[in-house]
Structure formats: structure tokens, C-alpha cells
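Trainee: One structure coming up, written as C-alpha cells, with questions to follow.
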Amino acid sequence: MIIAKVVGNVVSTIKHSCYAGRKLMIVRPMHLPGDKPDDDFVAIDAAHAGIGDTVLVCSEGNATRALVGNPNAPVRSSIVGIIDSVSIIR
Amino acid sequence: MILGQVVGTVVATIKDEQLAGEKILLVQLMNAKREKIGRPLAAIEVVHAGVGDLVFLVRSREAALATYPVQGPVDLAIVGIVDTAEAIQDVELELPFGESFFT
Chain A
1 MIIAKVVGNV VSTIKHSCYA GRKLMIVRPM HLPGDKPDDD FVAIDAAHAG IGDTVLVCSE
61 GNATRALVGN PNAPVRSSIV GIIDSVSIIR
Chain X
1001 MILGQVVGTV VATIKDEQLA GEKILLVQLM NAKREKIGRP LAAIEVVHAG VGDLVFLVRS
1061 REAALATYPV QGPVDLAIVG IVDTAEAIQD VELELPFGES FFT
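Chains A and X, in that order, give the protein sequences.
Just so you know, we're using our numbering here: the first sequence kicks off at 1 and counts up by one.
Just so you know, we're using our numbering here: the second sequence kicks off at 1001 and counts up by one.
This is the structure in C-alpha cells:
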């Protein structure tokens, strides 16, 4: 999974049926000091995250398909947890 | 999934038969600040998006699933038209060494 920050949300009324009722958030991966920041992407919220939260993002389709309960859903990334703390040794 | 903007249309009469009837649009992938990511790409679409629309897309295997049960040879598909996509800008993305707590 990716450690990321929730930086925004996406409102979309006309969308593929499997996204119905799902909250879409914009997440941006965090990085170690000195690394180049990555671009943001969209993830289905499954952990009731809010903007500004530090979250765990799973970006693999099969796991997210299991999460939405549709084995043929065109879904990729999902927020699966809200992080309390991280510790990294140098 | 990733954000993008429809910047044009693509017409291809001779193509794989599984793509028959699919509308192909030209899309510029971008991040929440509307900065471009890569070059414009061709994507099939299942939500009747038009040129100029802000959309969100799926790549690779998910793109083929967008037209389920037909799973054509595609690697990018528009699966939603975005009404609003707002992002806050000044977010600390650096994960320092040692212990960090997030309230």
C-alpha cells in the first residue's frame, strides 16, 4: 500500500455504475526527505477519510474490486485505512 | 483512477472488432492542479463524455473491464465525468525519519 495524504475530493454524477454511492478522494503519495513528490490520483474512500488525513491507499484492482463487491468493476485505487503514526529508521 | 481532460476525438474505422461501436476520445491526463501528465492519449469512453469535459479514467486491466462483458484490447477508459475536483495545495508530503504522528 501507499502512504498518502488526502488532498481533495471528486464529485461526479455521471459515472460507471460501480462507482454509485462511493466517495472519491484525491490522494497524493508521501515521500522521504529529498525524493521527488509524485502526482496525485483518485481513490475510492473505504475508511471515511477526510481532506488532510494521512491514509493507506491500496492501488491494486482486484483488492478494490473485492472491496466494492463487484468482480468486474473498473476500479483501481482505494483508501483502506487512516494512519495514526509512522516511524522510519534512517 | 486518474483525472484527465478530453481534448479531442479519434476516429478509426479499421480496428479490432471488439472495439466496434466504441467511441474513442483524445484525453490529456492531469493532476488536481490541472497540470499535464504525459502526452495526450486515446481512451474509450462509457459515459458519453464530450470534448472539454473533465473526466476520471482507469488504466490497464480496469479499462478493459469498463465495457464488461466485452473486454476489448484497451488500456485506458473514461469511467466518469467530473462535476468538481478541488484540492488543497499546501500539504506537507515529506515523511521524516523517526517517529511521526498524525492526529
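Cβ atoms here follow ideal geometry from the backbone N, Cα and C, with glycine treated the same way.
Computed from a predicted structure; not experimentally measured.
Note the first and the last residue of the continuous beta strand (DSSP E) segment covering residue 70(A).
Mentor: On the first sequence, position 70 is the one that residue 70(A) refers to. Unbroken run through residue 70(A): none, as it is neither H nor E.
Trainee: Would you check if the distance between the CB atom of residue 1047(X) and the CB atom of residue 1078(X) is smaller than 8 Å?
Mentor: Here residue 1047(X) refers to the residue found at position 47 of the second sequence. Here residue 1078(X) refers to the residue found at position 78 of the second sequence. The answer is yes: Cβ separation under 8 Å.
Trainee: Please report the straight-line C-alpha distance between residue 1075(X) and residue 1042(X), rounded to a whole angstrom.
Mentor: For this step, residue 1075(X) is matched to residue 75 along the second sequence. For this step, residue 1042(X) is matched to residue 42 along the second sequence. Using only the alpha carbons, I get a separation of about 9 Å.
Trainee: Alpha carbon to alpha carbon, what distance is there between residue 1029(X) and residue 1098(X)?
Mentor: Counting from one through the second sequence, the residue named residue 1098(X) turns up at place 98. Counting from one through the second sequence, the residue named residue 1029(X) turns up at place 29. Each residue's Cα considered, the two are about 35 Å apart.
Trainee: In chain A, which residues lie with their C-beta within 9 Å of the C-beta of residue 1084(X)?
Mentor: Counting from 1 along the second sequence, the entry for residue 1084(X) is found at position 84. Those within 9 Å of residue 1084(X) in chain A are 9, 10, 11 and 12.
Trainee: Grab the span of the alpha helix (DSSP H) containing residue 56(A) for me, first residue to last.
Mentor: Along the first sequence, read from residue 1 onward, the residue named residue 56(A) stands at position 56. No alpha helix (DSSP H) contains residue 56(A), which is instead part of the beta strand (DSSP E) from 54 to 58.
Trainee: Which first and last residues belong to the beta strand (DSSP E) in which residue 24(A) is found?
Mentor: Within the first sequence, the letter at position 24 stands for residue 24(A). Its beta strand (DSSP E) spans residues 24 to 29.
Trainee: Residue range of the alpha helix (DSSP H) that residue 1065(X) falls in?
Mentor: In the second sequence, counting from the first residue as 1, residue 1065(X) sits at position 65. Segment 1060 to 1065, the alpha helix (DSSP H) holding residue 1065(X).
Trainee: Exposed or buried, what is residue 1032(X) when buried is set at 16 or more other beta-carbons lying within 10 Å of its beta-carbon?
Mentor: Along the second sequence, one-based indexing puts residue 1032(X) at 32. The residue in question, residue 1032(X), is buried, as its Cβ has 16 or more Cβ neighbours within 10 Å.
Trainee: Taking buried to mean at least 16 other C-beta atoms within 10 Å of its own C-beta, is residue 88(A) buried or exposed?
Mentor: Locating residue 88(A) in the first sequence gives position 88, where the first residue counts as 1. Flag for residue 88(A) reads exposed.
Trainee: Closer than 9 Å by beta-carbon distance: list the chain A residues that pair up with residue 1041(X), in chain order.
Mentor: Counting from 1 along the second sequence, the entry for residue 1041(X) is found at position 41. None at all; the shortest Cβ gap to chain A is about 15 Å.
Trainee: So, is the C-beta of residue 75(A) closer than 8 Å to a C-beta in chain X?
Mentor: Numbered from 1 along the first sequence, position 75 holds the residue referred to as residue 75(A). Interface residue, yes.
Trainee: Mind reading off the beta-carbon distance from residue 1004(X) to residue 1057(X)? Whole number of angstroms is fine, and I expect it under 8 Å.
Mentor: By 1-based counting over the second sequence, the position of residue 1004(X) is 4. By 1-based counting over the second sequence, the position of residue 1057(X) is 57. 5 Å between Cβ atoms; contact.
Trainee: Is the segment 3 to 12 of chain A touching the segment 35 to 50 of chain A, taking contact as three or more C-beta pairs under 8 Å?
Mentor: Yes, they touch.
Trainee: Buried or exposed: residue 9(A), going by 16 or more other Cβ atoms within 10 Å of its Cβ?
Mentor: The residue given as residue 9(A) occupies position 9 in the first sequence. So residue 9(A) counts as buried.
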